[in-house]
Each structure stands twice: as structure tokens, then as C-alpha cells.
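In what follows, a structure is listed as C-alpha cells, so that the remarks can point back to it.
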Amino acid sequence: MGFGENLRKAFDAFSTLKVVDKESVKTLTKELQRALISADVDIETVLSLSKQLESAALAETIPKGLTRKEHLISLTYDALVDVLGGKTIAAPEKPTSILLVGLFGSGKTTTCAKLAHYYGKRGLRVGIIAADTFRPAAVDQLEQLVKQLPGVQFYSNRNEKEASVVVRQGIVDLMSKGVHTIIVDSAGRSALDPELVDEVKRIHAILKPENVWLVLGGDVGQQAKKQASAFHDAVGVNGVVLTRMDGSAKGGGALSACRATHSPVYFIGMGEKINDLEAFHADRFLSRVMGYGDLKGLLEKMEDLKIENINTENPLEGPFTLQTFYTQLESTRKMGSLSKIAEMLGFGMNIPKHELEVGEEKLDKYKSMMDSMTKQEKRDPEVLTTSRIERIAKGSGTNESDVRDLLKHYRQLKKMMGQFKNLDEEKLKNPKGMQKLMKGFQKPKKIKLR
1 MGFGENLRKA
11 FDAFSTLKVV
21 DKESVKTLTK
31 ELQRALISAD
41 VDIETVLSLS
51 KQLESAALAE
61 TIPKGLTRKE
71 HLISLTYDAL
81 VDVLGGKTIA
91 APEKPTSILL
101 VGLFGSGKTT
111 TCAKLAHYYG
121 KRGLRVGIIA
131 ADTFRPAAVD
141 QLEQLVKQLP
151 GVQFYSNRNE
161 KEASVVVRQG
171 IVDLMSKGVH
181 TIIVDSAGRS
191 ALDPELVDEV
201 KRIHAILKPE
211 NVWLVLGGDV
221 GQQAKKQASA
231 FHDAVGVNGV
241 VLTRMDGSAK
251 GGGALSACRA
261 THSPVYFIGM
271 GEKINDLEAF
281 HADRFLSRVM
291 GYGDLKGLLE
301 KMEDLKIENI
311 NTENPLEGPF
321 TLQTFYTQLE
331 STRKMGSLSK
341 IAEMLGFGMN
351 IPKHELEVGE
361 EKLDKYKSMM
371 DSMTKQEKRD
381 PEVLTTSRIE
391 RIAKGSGTNE
401 SDVRDLLKHY
411 RQLKKMMGQF
421 KNLDEEKLKN
431 PKGMQKLMKG
441 FQKPKKIKLR
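Numbering-wise (the UniProt record's numbering), the sequence shown opens with residue 1 and increments by one.
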């Protein structure tokens, strides 16, 4: 069971209690302790959080208009948000220079390209300097990634072994091309040794960067604190990017460790694709991993990718026809897998991940079958009869079971869209709304799409 599921379990169990007393509060804090420790959050932070909650939960006075249970739910949620980063500190909107540092395997090179994509989408002319002279393959990898980014400039010099010289040359080259933002990918090592520190300091002296960001894998857990402190002391880190946060059980530990070092987490990597980089918001991250969704994040992603044919005011509004079903499946593939979108909508925990993966081959089948339908059938597939299903299968070169699979998939998604039309991020900022939302998500049944 992952970090978010453990937290969700604790919240769900508590929300069903009729009485809030010393015993029930202790039960809640024990469940929270298990969830946080399993996510590699350090013991001192966990115990401090537990004492804070136990003390506040049974206080004599509670805010007017709230029950004691609602008050405790609100306190717990706010405390968890604080542990994971607290108030959002936004990354600079128009940075002139970013130096990325980190150890081997942290995802630094991929993050370099993701940041170029992120700032390029926001109208900045971005240039990348490949300054990892220690690992030639990193230069090749970065060059290949940049080829996917129209408008992003790239500089490397494979014949130069001194990274600071490459950076000096790169600055001249990129400035001559009218670049607004320079991102430098520095070398990594298996540990922060004196050689790496000296190299980064020499690059720093040439670049004089506004921003020195440490790239850490979310799976390092508590080790993030040690690495962040060491890099900060060595080169003055003023921001963090956490990678592999989509599949790490220790992500909560990494976030809390960065919080302890006062290093703001600006971005989190949520997948391998170029656009799988998100501005970090502790409250929205917590909501998503617990299965309550991040609708605002989903809308931002749609807007960022300029997804067409979807109402970005509210993607759940309007009639959900078979044509809508296909168009949205096709369009949202730009955003990654459907399982990620389901997670952001708040029902990812209810659906087996493999059920949501619709590959190219299946989409092609769906298209062929729909091309064999009438306009009326696409608007209202409930009018389809057994004989029409047989004819559609023959006309599209598929089987009747394929047509029924399409219809079942459509009906299930239509039902879920209806259930989540009223999902609202603001509910999580209101104790009464949050408790109501939690009740709506309790005891989820696994949804089969086939």
C-alpha cells in the first residue's frame, strides 16, 4: 500500500467515527504515523505532528460552526500539508539562468529538457548548455531531447573537457541567438566529492546564476535532507526539483526532508515525458495522492498543452456522447496516460491502472467501429441493437466482442464523469466540505472497464 492510500485509510476510518474522544484521536494519529513512516518521513517530524494533533484535537474550544470531528480533519489536513512543504513558493517566472546540480541517477538531464519545455511554453527563448563533460552519453541524451523542443537552442562542445570553458562558450553562443533563459546541465557523481564541488563552483563563477536548483529523485526519501544540506553548503542551492514522484513510495519523505532544509520545492517530475513536470503545490499534491483529485492541476495541464475539443472551464460539463468519448481519449493522450488523468480527477484509486490504458491499436479499433455507426448511434449508442452491433463489427473488420467492449468502456466513463461533475478543489479548504467529499469517496469499489 502506498503513501497516499495509507493516509486515505486513516482519514476514511476516522470520518466514520461518531464520537471524537481521546481514544479515537490516538487511533487516528497511529494510522498517520504508519503512513508517514512508511513514506520515510523522519521519526522526529512524525512524533511532533502526532503530539500537535492530539493536543489541538481535544482542546476546550473549537472554531464556531464546526463539529470537533470537522475541526480535527481540518487540523490534520493542514498539518500534513505543512509537513510536505507548506505554503507554495512559486518558481521564478522569467529566470535568466538556471544551474542544475545533483548526483548520478537523479534525473538531472531529463529535467533540464523538461524545464526548457516548461519555460518555452511560457514565451521565453530558452537555451541549454550541456556541461556534463564527465559523461559523454549525457550530452547525446540531452541533444536528442532538445530535438523534440522546437525553438530551444542547444550548445555543447564534446572536444572540451573543462566544464566551465564549455559554459563560457555556451553563454556567448546562446546570447548571440537572443536567448532569454540559459539552463546548464552540470555533471553528477555517485557522491558529493571535492572534485564535483570544485567543478560546480567554477561553473558558478562563470555563469553567475540567479538560480541553483538541486535535482533529487523522490525515491531517496530522508536522504534528500542530507543531499540538500550538503549541496546548499557547497554551492548555495536555492531551489529543488524532485523527480520520479509518480511512482515513489518515499516521495512524502523527500518532500518533508526538503521542507526541513528550507529549500523550496519548485517542481515535481510525474513521469518520463517532456511535459511531465508540474509546479509543486503541497496541498494539491496531498489531495491527489490521497485520491481526492487535483482538478485545478488538470485544467492547468490542459491549458498548457492547448488540448482541443475539451471544455477547459469544466471538462465534465456537456453531453458525454460516444463521439465525445473518442475525441477526449484521443486528445488527452497528449497529457499522458488516462490513469494519470483519473488520478487528477480523483477516481484513480477506484480503477485498476491497466483498465485505463488505451493504446494506439485499441484507439484505431474504436475509430473504425465508430466510422461504421450512424450519427444518431454516435450521439446515443443506447439505440444500438444486436443486429446493428453485428453489422458494425463486420463493417469495421472487428468482432462483436470489440464493439461491446467499446460500449462498456464508454458507459463506465460516462457514469464516472457524472459522479465527478461536482468535484471541487475548494471543498478541501473547508472542513465541512472536506468531510462530505471524504464520505463520497469511502469504500470505493473497483471499477471494471471491460
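Ideal Cβ placement from N, Cα and C applies to all residues, glycine included.
From the DSSP output, read off the bridge partner residues of residue i.
i	result
GLU278	ILE268
ILE98	ILE183, ASN211
GLN153	GLY127
THR110	Per DSSP, none; premise fails for THR110.
LEU17	Paired residues: none, contrary to the question.
GLY251	Beta-bridge pairing links GLY251 to no other residue.
LEU242	LEU216, ILE268
Can you tell me the Cβ-Cβ gap for residue i and residue j, rounded? I've got them flagged as a contact below 8 angstroms.
i	j	result
ALA282	GLY86	6 angstroms
ILE129	LEU115	Not a contact, Cβ separation roughly 13 angstroms.
VAL235	VAL220	Rounded, the Cβ-Cβ distance is 18 angstroms, inconsistent with contact.
GLY65	LEU214	With 8 angstroms as the limit, GLY65 and LEU214 do not qualify as a contact, their Cβ atoms being about 43 angstroms apart.
LYS177	GLY127	7 angstroms
GLU210	THR96	6 angstroms
LYS225	ALA257	4 angstroms
LEU49	VAL83	6 angstroms
GLY253	VAL41	5 angstroms
GLY218	GLY251	4 angstroms
LEU196	SER106	No, LEU196 and SER106 are not in contact; Cβ-Cβ is about 13 angstroms, not under 8 angstroms.
LYS22	LEU47	With 8 angstroms as the limit, LYS22 and LEU47 do not qualify as a contact, their Cβ atoms being about 17 angstroms apart.
GLU390	GLU377	Not really, about 14 angstroms apart at Cβ, beyond 8 angstroms.
Tell me which same chain residues have a C-beta within less than 6 angstroms of the C-beta of residue i, skipping the five on either side of it?
i	result
HIS180	LEU124, ARG125
ALA91	TYR266
ASP132	ALA138, ASP185, ALA187
MET229	The question names Met, yet the displayed sequence has Ser at residue 229. Around SER229: THR261.
ARG379	THR321
ASN314	Below a pLDDT of 50, predicted positions are generally treated as unreliable, and ASN314, at 46, falls in that range; the measurement from the model is reported next regardless. Result list for ASN314: empty, nothing under 6 angstroms.
GLN141	THR109
GLU199	ALA163
ARG259	GLY85
VAL25	GLU54, ALA57
LEU145	ALA113
In chain order, what residues of the same chain have a beta carbon less than 7 angstroms from the beta carbon of residue i, not counting five sequence neighbours either side?
i	result
LEU406	TYR366, MET369
ARG68	VAL20, ILE62
ASN6	ARG34, ALA35, SER38
GLU278	PHE267, ILE268, MET270, GLY297
MET373	ILE392
CYS112	LEU100, ILE128, LEU142, ILE183, ASP185
LYS9	GLU31
THR398	LYS365, SER368, MET369
LYS201	VAL235
PRO381	LEU322, LEU407, TYR410
MET245	GLY218, GLY251, ILE268, GLY269, MET270
Given residue i, which residues of its chain have a CB within under 8 angstroms of its CB, disregarding the five upstream and five downstream residues?
i	result
PHE280	GLY85, THR88, LEU242, VAL265, TYR266, PHE267, ILE268
ILE206	SER164, VAL167, ARG168, ILE171
LYS18	none
ALA13	THR27, LEU28, GLU31
THR174	According to the sequence provided, residue 174 is Leu. The question's Thr does not apply to it. So the list reads GLY127, ILE129, GLN153, TYR155, ILE182, once near-sequence residues are dropped.
VAL237	VAL101, VAL212, TRP213, LEU214, ALA228, PHE231, SER263
LYS414	PHE320, PHE325
THR45	LEU36, VAL83, SER256, ALA260
ARG189	LEU103, PHE104, PHE134, GLU195, LEU196
Handout entry: alpha helix (DSSP H) runs contained entirely in the stretch 158-195, provided each spans 4 or more residues
Key = 163-176
Practice task
Please confirm if the stretch 104-121 is in contact with the stretch 42-56, defined as three or more CB-CB distances below 8 angstroms between the two stretches.
Solution key: no
Handout entry: Given 8 angstroms, three or more beta-carbon pairs between the stretch 58-74 and the stretch 158-165
Key = no
Handout entry: Complete alpha helix (DSSP H) runs within the stretch 368-412 (minimum length 4 residues, chain order)
Key = 375-379, 386-396
Handout entry: Whole runs of the alpha helix (DSSP H) within the stretch 16-62, excluding any shorter than 4 residues
Key = 22-38, 43-57
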